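Right, one structure below, let's go through it.
Residue numbers (our numbering), protein chains in the order written: chain W, 329 to 763; chain P, 693 to 1281.
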């Protein structure tokens, strides 16, 4: 089961659809409802009374765990839950973590909380769906669990009951999770912070693999392929390992830390689902922890096969280059080097060279917006080209950027583009020959 | 009946450049600020895509970024003997609408006024005498000096990442810059844009005649730039869709690309869009602004109380709202009494086309403030003795991009349509350039703004009426500038030139400049001005009026640099003095 398919991507897609509609009928642009400026959810109120070291630790661990990423819904109180998580198996709504006794965690003990984090079991004994990433959280220590619990005890009670999950039979029967656990889950018998703080964060609270590890058909992590890149919500969560082309092998530790802190660095800009992770979690993490994460990830071994011989039709490259010069070069520059830290360079980038071309196609089709952080507040963006380039054109320019300036990656076919376009946006309107 | 809302520390009316500047400064000072904007929310990622910014029909000809005149326009006449009629299509100036205001579709031409521009009356009287400054010329000195404004000019230039070359650093003239400018404390934040062929030809020709050419200071970033607020601007791509368009490349400075990413994150700032302020409310004694009344898109009225009211709309809307709110005494051109609406001024432009046979100029390369200028004939940079006018303007080639529907200059004798016209366009399009002159307009007794007695807007309120014409001073000045431009045009060595003098009364139809000024001017005393030097109303001390509304008369430069500097100057006074003693005048009358 995919664990972190997020509503944000759906909102993005809806926004793009709106943009497409406005574009195709300019006359409607002025009556489109204004997008209300949304206050960012990052700034936390500082507590009026000094909090205990344990609560302070729990507050920080809640940031590391990106709890708000799933447990805040738009317009709702922080941690009150209700965000729909679209999984391939149905929609699961995040629960209320506030101290309300009826609808939240108000009646839970520290042992109850530990049992959920460590074993994936609810206070009433029912099994939690692994949309709640207990297969990762099982690696946190009891002291960390207790700190989180102590912090959640300070959240004001908000009475709110999220909608019922929408899962088909028999997945709606919670005991079915037992079978899933038998195949995919092993509680950590001796959780420890260990000698490698980066590993502890990545494999534990950070639950990076929830998105970045490829899944089995049941949604469990593929054994032996940790952090080699996963799919979610029609995006590719890229490989987080030492792979030079498709992972973080060419990044420095400081590159990773800067990316996680500010949402951008000289190599890449963060958007889509990663934007929420950065907004709620990593932009607020301690620099030392981010460096530890960077150290661990870029040294993480890769088992992916090397990129073999790639054959690209020269005609496709020529067409792709022409489109690139017309549409892309103003920001990304003719040599692809772009404006590092502003608009991301394409040579050497994982987004261009990942074996699975989903992201490069999707960026061209839908555009994207860099996450705004306190450190880097500008919402630098790439526009949508889905309305003006047809499938063959998108495929050509994607193939071109994947195989220029030293990049090597399998070509993209028009049918790859058509497939993704069907999922994320309207097909291009071809002018009728009769008109 | 209006619904009464909870009070805020400061309410801003209009959210363009000055609104964003003031909101940023006041929230920094800890105030709870609400801005009310009648237009739409607009932002770069969602509204200004470089994938379709080049849609000339949509943006320029169909006015997508501009004010909808079916909702609200103004009436126009040249003098009091005429009946003013509504302007039903934008022409001479292009009013903005929506978040960012006209600062979204501006060119990014960032100038400082000359020290002598700010002393226009005393300086010219002293140098040229009464004959040059007759009584009907109602000009005044600004109550601020160039030195007062210098730090604030600097602040705005660094906010925008202006690309340029200093000509006067702390009194030392710098090669390659404008030697006539007032002294600046430091160099521009970014180097000049790359200069295209035609402006470089202009520079060579101007220098050969002893003039002093330099690259136009541009709020079009010549390289990637992070401003002091931490906001990132991308490098200009010279796409040619800057003037009259929004920038999708984060390269042209606007509220969106310099301030809003920081401001919108603040919990002490709120922006209401699609809400139009109907009037500023006053206490019964008329000495305190109690807030504003506004109407939303559903027609619901709200009363928004505020400790401080800041009028930060476009100058024409500022003046109209003062008149509609009954604040200040309306100006009467017959008696010369009254203040509100007085000293409305504008600018006067002309051009000279140069046609080459042998030079491909690639005029489609462009940016809003990309070009080479001379200030030898601006302000009082030259001796006016014997010329019988005061003031001046800059002359130069501004290559904003020869957008195809808009750009079809033809040589003398070419018909205005038909086969011959088409052939001439095809022959000359890439081999033609245009020198522009951009002159200031002085204030004259008969040029003013008031409420129209007949025509009303969509909400039933009287339209603003503009009574304006160029005076002899302006025509003489503009003709002089055009002659100087023609001299340079000849020296450029083309096949032929065509000088387009500005003849006759002011005409609202052809585009000239969106540099309207005055109507609630700043000054030394309540007898001759609406605000003091901190843009604070003399009559209503918790009301501040920002923008070119404050200019006692216009200068030969684009106004935005001075508009922003005055806003920062006011913001500093509010933060340092006013907030310690609210509702008190910052200058004793």
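Even for Gly, the Cβ is constructed at its ideal location relative to N, Cα and C.
Since the model is a prediction, treat every value here as computed from it, not as a measurement.
For residue 708/W, the nearest beta carbon of chain P is closer than 8 Å to its own beta carbon.
Around the beta carbon of residue 1049/P, fewer than 16 other beta carbons sit within 10 angstroms, so the residue counts as exposed. Apart from sequence neighbours up to five positions away, the residues of its chain that approach residue 998/P with a beta-carbon distance below 8 Å are 699, 700, 701, 702, 703, 726, 981, 982, 983 and 984, ordered along the chain.
With respect to the C-alpha of residue 1083/P, the residue from 1169/P, 1100/P and 1104/P having the closest C-alpha is 1169/P. Residue environment analysis places residue 579/W among the buried positions, since at least 16 neighbouring C-beta atoms fall within 10 angstroms of its C-beta. Going by beta carbons, residue 697/P and residue 1263/P fall outside the 8 Å limit. One finds nothing in chain W with a Cβ atom closer than 7 Å to the Cβ of residue 746/P; even the nearest lies about 11 Å away. Residues of chain W whose Cβ lies closer than 9 Å to the Cβ of residue 878/P do not exist; the shortest such Cβ separation is about 24 Å. Neighbours of residue 667/W across chain P, judged by C-beta separation under 7 Å: 916, 926 and 927. Residue 455/W has its alpha-carbon roughly 14 Å from the corresponding atom of residue 498/W. Listed by position along chain W, the residues whose Cβ is nearer than 9 Å to that of residue 706/P form an empty set, because the closest Cβ is around 16 Å away.
For the C-beta of residue 1168/P, not a single chain W residue is nearer than 9 Å; the gap to the nearest is close to 44 Å. Residue-level contact by beta carbon fails for residue 730/P and chain W, as no gap is shorter than 8 Å. For the pair of segments examined, the region 1126-1141 of chain P was found to touch the region 1032-1039 of chain P: the number of CB pairs separated by less than 8 Å reaches three.
Scanning chain P for C-beta atoms nearer than 9 Å to the C-beta of residue 656/W yields nothing, as the closest lies near 10 Å away. Our two residues, residue 874/P and residue 1251/P, have alpha carbons roughly 16 Å apart in a direct line. Contact check between the region 1082-1101 of chain P and the region 1057-1069 of chain P: three or more CB pairs, one atom from each, fall below 8 Å, which counts as touching. Counting C-beta pairs with one atom in each stretch, the region 1001-1020 of chain P and the region 1203-1217 of chain P have three or more that are closer than 8 Å, which means they touch. In chain order, 526 and 581 place their CB closer than 7 Å to the CB of residue 623/W, counting only its own chain and leaving out the 5 sequence neighbours on each side.
Contact of residue 700/W with chain P is assigned, a C-beta pair being separated by under 8 Å.
Excluding residues up to 5 positions away in sequence, 731, 736, 737, 738 and 739 lie with their Cβ nearer than 8 Å to the Cβ of residue 638/W in the same chain. About 7 Å separates the beta carbons of residue 930/P and residue 1062/P, which is inside the 8 Å limit, making them a contact pair. The Cβ of residue 713/W sits closer than 8 Å to at least one Cβ of chain P.
The beta-carbon of residue 937/P is placed no less than 8 Å from the nearest beta-carbon of chain W. Within chain W, 702, 703, 704, 705 and 706 have C-beta atoms less than 9 Å from the C-beta of residue 922/P, given in sequence order. Taking CB atoms only, residue 462/W has no neighbour in chain P less than 8 Å away. Between residue 910/P and residue 1055/P, the C-beta gap is not smaller than 8 Å, which leaves the two residues out of contact.
Under the three-state reduction of DSSP output, residue 1045/P falls in the strand class. Ranked by Cα distance from residue 700/W, the first of 532/W, 752/W, 734/W and 600/W is 600/W. Judged by DSSP secondary structure, residue 1261/P falls within the alpha helix (DSSP H) whose first and last residues are 1252-1268. When the five nearest sequence neighbours on each side are left out, the beta carbons in the same chain lying within less than 6 Å of the beta carbon of residue 1216/P are those of 835, in order along the chain.
Chain W places no beta carbon closer than 8 Å to that of residue 752/P, leaving this residue out of the contacts. Going by C-alpha positions, residue 463/W is about 41 Å away from residue 733/W. When DSSP states are grouped into helix, strand and coil, residue 696/W belongs to the strand group. Taking every protein chain shown into account, the CB of residue 611/W has 16 or more other CB atoms within 10 angstroms, so this residue is buried. In terms of beta-carbon proximity, residue 670/W lines the interface with chain P, with at least one pair separated by less than 8 Å.
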